[in-house]
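To start, the structure itself, in C-alpha cells.
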Amino acid sequence: MDKMINSHNSKAKVYWKKNIRIVLSLLAVWFFVSFGMGILLVDVLDNFRIFGFKLGFWMAQQGSIFCFVILIFVYVYRMNKLDHQYGMDEDQDNFVPDDIYRSDKEDQE
Amino acid sequence: MDVQTLTFIFVGATFALYIVIAIWSRAGNTDDFYVAGGGVSPLANGMATAADWMSAASFISMAGIISFVGRDGSVYLMGWTGGYVLLALLLAPYLRKFGKYTVPDFVGDRYYSNVARIVAVVCVLFVSFTYVAGQMRGVGIVFSRFLEVEITTGVLIGMTIVFFYAVLGGMKGITYTQVAQYCVLIFAFLVPAIFISMLMTGNPVPQIGFGSTLADGSNVYLLDKLDQLSVDLGFGAYTEGNKSTIDIFFITAALMVGTAGLPHVIVRFFTVPKVRDARISAGYALLFIALLYTAAPAVASFARVNLIKTVENAEYKKTPSWFKNWENTNLIAWVDKNQDGKIQYFAGKAFSGKPKFLEMRGSEGERKVENTPTDNSNELYIDRDIMVLANPEIAGLPNWVIALVAAGGLAAALSTAAGLLLVISTSVSHDLLKKIFLKDITDRQELFFARVSAAFAIAIAGYFGIYPPGFVAQVVAFAFGLAAASFFPIIVMGIFSKRMNKEGAISGMITGLFFTASYIIYFKFINPSANSAENWWLGISPEGIGTLGMLFNFIVSNLVSQITAPPPKEIRELVDEIRVPRGAGASYHHIKS
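Chains as they are written, first to last, in this note's numbering: chain A, 7 to 115; chain B, 13 to 605.
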C-alpha cells in the first residue's frame, strides 16, 4: 500500500493541488450565495424582485439552498473526472467490491 | 373516521414497518453494528443521512419558528443545509478513505494521542446527549396531542421501538429503518404543504406558491399580504430582519460548521463502500433535505397568514376545535384583557413567561392562567412548536392528513434519536473500551458492550424525555457551538495540513471548547439577565459564538504546531493516503483484519 503511494508521489502532488483548487473555487461560490447574497447584501438585493419574492429574501430562504445542492453535484462530477485523469479512482484497485456484499449475505444465511 | 383512530392506524403501521425492517437487517458483528458492514448504497445512505439529520426540530419546530421571526429564520434554513457543502467538500470523502468507525477514531489516530481521543469522546457524548433529549421530548408531544396518552407513556413507547431496532440492528438496522422513515417524514411534510399551497395560491408546488399571488382573486402576492398583515398588527414586516447583520452572519456560520462537525452525521459516510460513494451520497442527502427545507419557509408563511386570519378578532366561543385542543395541551393560552370575548392578537407578550394554567375556566370557557397579564393589548400566547402540527387543522385539511403529520413527526424524532444513540454506544464500546480500557476484548464481546451501552443510552434519553431539564432549549446552542469549535477545525487540519501535530490539535480543541463553553455558560446560566445585544462581545449572541471559537481553534492550533515537533513520518504517510480515493477498499479490509 505505502509503496504504491510513494511511487505515485509527484503525480499525487499535482492531483492534490488541483483538488484544492476545485474545492476553493466551489467554496467561494458557496460563500457568495449564502453569506454574500443571503446576509451581507440582502437589503440591497431586496430592491429587486422575482415574482412575488424580494430577491434578497428569496436567496436567504430558498435560493441559497438550491445553490448548495448544485454545488455538491458539480463537485462530485469534477472530482470523479479528476480522479480518473490521474488514475486515482477506485476502479484502479485490485479490490473487488463484491467482497463487502458477500460478508453481508453470509450473515443472513 | 376520526383523527385519533386514523392516527393510531398510521402510527401503528409505520411502527410495525420499522420493526420488520429491524428484524430483517439485524447486525451480526461489530462491523455491521458500527458501519452497516460498509455496504450501504449511496442513494440509501443519502436518504438515511437526511432522516438522521432532520430531527423533531426540523420537522416540528423549524417552520414554526420561521413563521414567527420571518426573514431572520433564514439562519436555520441556510445554516442547516450549507453545512453539507462543507461536509461534502472538506470531510466526507477523506474520512471514508480513512475507513474507521468513529470521529474519535480519526482524531486519536491522526493525532497519535489517547488524550485527543478522550477529549473527542467527551465532546461526542455531550453533543449527542443534548440532542437526543430533545428528540424524546418531541415524541412525547406528538403522542400526548394526537393519541391522548400521557407524555410518559408516549416516551416509553418511543423508547421501546428505538431500543428494538438500535440494539438489535445497530447501524445496519438503523440505516434501513431511516430509509423508511425518510419516506414517511417527507411525505408527511409535503402532503399538507401541497394542499395548503393549492388552497391559498392555486399552485400545487409549495416552493413556487410561496412567491405567487393569493387565490382569493385579489391579485396580491402572498408575501406582500403577509408583510401588510404583520405591520398592521405591530410585528415588523415579515420579509425584513430584526437581528443585526453580524449576529445573523455568525449564527449561520456556527450552524453550518456545527452541522459539518456533528458526529452522527459524519459517521454516516463511513457506511458506503467507496470514496466516490461518500461524495455522491452527501449530494443525495442534501437533495433529500432540501425537499423539506425549501418547503419549510413556504409552510411558515402560509401558516402565518392562516393563523392571523383565523384568530385575529375572532370570538373565542366560535374558534375551531384545534384552538381548544392545543389549549388543552398547554400550548395556547388566551387572556381576555378587554373582556369583549374576542381574541386580540398583536405584537408583544400577552403575559410574562410560559403559561401556568389554573384548574378553572373563565367566563367564555377559556382556561385561566395565573400569569400576570402585561399592559399591552395582545391577548394570545402561542407556542411556536405547534405550527407545523396544527397547520393542517388550521387550514381545514382532511383528517388523514392530520394523522399523517403525526406519523411524520414521530419518524423524524425516532430516526434522529436512533442515529444519536448509536454514536453514543459506539463511543463507549469502541472508543473508550476497545481502544483505551479493555484492549483485549473480542469482537463478540465488543458487540455485547455496544448493545449494553445502547440500551443504557436509551434509558437515559428516555429519562430526559419524561423529566426534561429546563435547560434543553438553552443547550442546543451548545451542541452546535461545541461541534463547530472543537471537531471541525482539527478534522479539516488533520486532512489538509501535514504539519498539524498532536500538541496543536489538543490545544486548539481545548481553546475552542473552553472559549465557546464559557461564553454560553455565562450568558445562559450565570448571568441570563445580561443576555442582550449591548452586552455581547462584538454583538455576537451565544448561538453564534461557536464561529469565533472555531476561528480561535484554527489560530491556536496552527501557532502551537509551528513551535512544536512535526508529526511522525507514519502520520504524514497516513495523510497522503487519505488524500487519494484509490485504495479505499484496501483500507477497508485493513480494519477488518
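A virtual CB, placed ideally from N, CA and C, is assigned to each residue, including glycine.
Which residues in chain A sit within 7 angstroms of residue i, going by Cβ to Cβ distance?
i	result
A100(B)	I78 and Y81
T384(B)	Near T384(B) there are no residues of chain A at all, since even the closest Cβ is about 37 angstroms away, more than 7 angstroms.
Which residues of chain B have a Cβ atom closer than 7 angstroms to the Cβ of residue i, listed in chain order?
i	result
N86(A)	R288
F63(A)	R83 and T251
N51(A)	The question names Asn, yet the displayed sequence has Leu at residue 51(A). Chain B residues near L51(A): none, gap ~12 angstroms exceeds 7 angstroms.
Beta-carbon separation of residue i and residue j under 7 angstroms?
i	j	result
M90(B)	T264(B)	yes
A302(B)	I78(A)	no
S67(B)	G181(B)	no
A497(B)	T528(B)	yes
M148(B)	A473(B)	yes
A430(B)	F22(B)	no
V311(B)	A75(B)	yes
V131(B)	M521(B)	yes
S140(B)	I436(B)	yes
Y106(B)	I507(B)	yes
R129(B)	F281(B)	no
I71(A)	T306(B)	yes
V97(B)	F38(A)	no
I45(A)	F261(B)	yes
L422(B)	V154(B)	yes
F300(B)	G58(B)	yes
Nearest-angstrom Cα distance between residue i and residue j?
i	j	result
S605(B)	A104(B)	No answer about S605(B) holds up, because its pLDDT of 33 lies below 50 and its placement is not dependable.
L571(B)	M512(B)	10 angstroms
G58(A)	A249(B)	15 angstroms
I278(B)	L202(B)	27 angstroms
T576(B)	G120(B)	18 angstroms
I470(B)	F175(B)	7 angstroms
D533(B)	T114(B)	Reading the sequence as shown, one finds Ile at residue 533(B) and not Asp. Spanning the two alpha carbons is a distance of roughly 28 angstroms.
F27(B)	S86(B)	33 angstroms
R584(B)	K536(B)	42 angstroms
W36(A)	T438(B)	33 angstroms
A39(B)	G185(B)	7 angstroms
E582(B)	E515(B)	17 angstroms
G146(B)	S73(B)	11 angstroms
V50(A)	G69(A)	16 angstroms
K112(B)	Y81(A)	24 angstroms
T93(B)	L33(A)	14 angstroms
E96(A)	P593(B)	6 angstroms
A402(B)	I453(B)	51 angstroms
G420(B)	F71(B)	8 angstroms
G12(B)	Y479(B)	An answer regarding residue 12(B) cannot be provided, because it is not within the stretch 13 to 605 covered by chain B.
Among the options, which one has its Cα closest to the Cα of residue i?
i	options	result
Q67(A)	V82(A), V48(A) and S16(A)	V48(A)
M505(B)	I518(B), L494(B) and L267(B)	I518(B)
T331(B)	E405(B), H276(B) and K368(B)	E405(B)
F476(B)	I163(B), Y124(B) and I344(B)	I163(B)
R373(B)	D348(B), G365(B) and I436(B)	D348(B)
L102(B)	S16(A), V29(A) and D52(A)	V29(A)
N383(B)	K336(B), E376(B), I394(B) and L370(B)	L370(B)
A266(B)	W22(A), A18(A), F41(A) and H90(A)	F41(A)
P285(B)	T142(B), G49(B) and S375(B)	G49(B)
D43(B)	D455(B), L563(B), P579(B) and L245(B)	D455(B)
T523(B)	L560(B), W548(B), V161(B) and S509(B)	L560(B)
L444(B)	D14(B), F71(B), V133(B) and S79(B)	V133(B)
G365(B)	S375(B), P580(B), L343(B) and N350(B)	L343(B)
Anything in chain A within Cβ reach of residue i, meaning under 8 angstroms, just list it in chain order.
i	result
A302(B)	I71, F72, F74 and V75
F80(B)	The premise fails here: F80(B) is roughly 14 angstroms from chain A at the closest Cβ pair, so nothing lies under 8 angstroms.
S224(B)	F57 and G58
Y233(B)	F57 and G58
T271(B)	Going along chain A, no residue has its Cβ under 8 angstroms from T271(B), so there is no contact; the nearest lies around 11 angstroms.
Mind listing the chain A neighbours of residue i? Cutoff is C-beta to C-beta under 9 angstroms, in chain order.
i	result
P218(B)	Per Cβ cutoff of 9 angstroms: no residues; P218(B) is ~11 angstroms from chain A at best.
D236(B)	G58
Would you mind telling me which residues of chain B sit closer than 9 angstroms to residue i, beta carbon to beta carbon, in chain order?
i	result
Q91(A)	Residues of chain B passing the Cβ test: none, with the nearest at roughly 12 angstroms.
A18(A)	D588, R591 and V592
Give the interface partners of residue i over in chain B, defined as CB-CB distance under 8 angstroms, in chain order.
i	result
V29(A)	L101 and L102
A66(A)	R83, S86, L89 and M90
Inset, instruction - Scan the segment 36-48 of chain A for residues whose Cβ lies nearer than 8 angstroms to a Cβ of chain E and list them as they occur along the chain. - result: Protein chains A and B are contained in the structure displayed, whereas chain E is not.
Legend entry - Cβ contact (3+ pairs, closer than 8 angstroms) linking the segment 406-418 of chain B and the segment 191-208 of chain B: Inter-segment contact for the segment 406-418 of chain B and the segment 191-208 of chain B is present: three or more beta-carbon pairs are separated by less than 8 angstroms.
Inset, instruction - Determine contact between the segment 184-196 of chain B and the segment 50-67 of chain B, defined as no fewer than three beta-carbon pairs at a distance below 8 angstroms. - result: Using a C-beta cut-off of 8 angstroms, the segment 184-196 of chain B makes contact with the segment 50-67 of chain B, since at least three inter-stretch Cβ pairs fall below that distance.
Inset, instruction - Answer yes if the segment 357-365 of chain B comes into contact with the segment 386-403 of chain B, meaning at least three C-beta pairs across the two stretches below 8 angstroms, and no otherwise. - result: The segment 386-403 of chain B is in contact with the segment 357-365 of chain B.
Inset, instruction - Check whether the segment 35-54 of chain B touches the segment 288-302 of chain B, taking contact to mean three or more Cβ pairs, one atom from each stretch, closer than 8 angstroms. - result: Three or more Cβ pairs closer than 8 angstroms define a contact, and the segment 35-54 of chain B meets that threshold against the segment 288-302 of chain B.
Legend entry - Three or more C-beta pairs below 8 angstroms linking the segment 316-332 of chain B and the segment 233-253 of chain B: Touching, yes.
Legend entry - Cβ contact check for the segment 239-253 of chain B and the segment 549-557 of chain B: 3 or more pairs under 8 angstroms: By the Cβ rule, the segment 239-253 of chain B does not count as touching the segment 549-557 of chain B, because fewer than three pairs are nearer than 8 angstroms.
Legend entry - the segment 77-84 of chain B touching the segment 540-551 of chain B, judged by at least three CB pairs closer than 8 angstroms: Under the Cβ criterion (8 angstroms, minimum of three pairs), the segment 77-84 of chain B does not count as touching the segment 540-551 of chain B.
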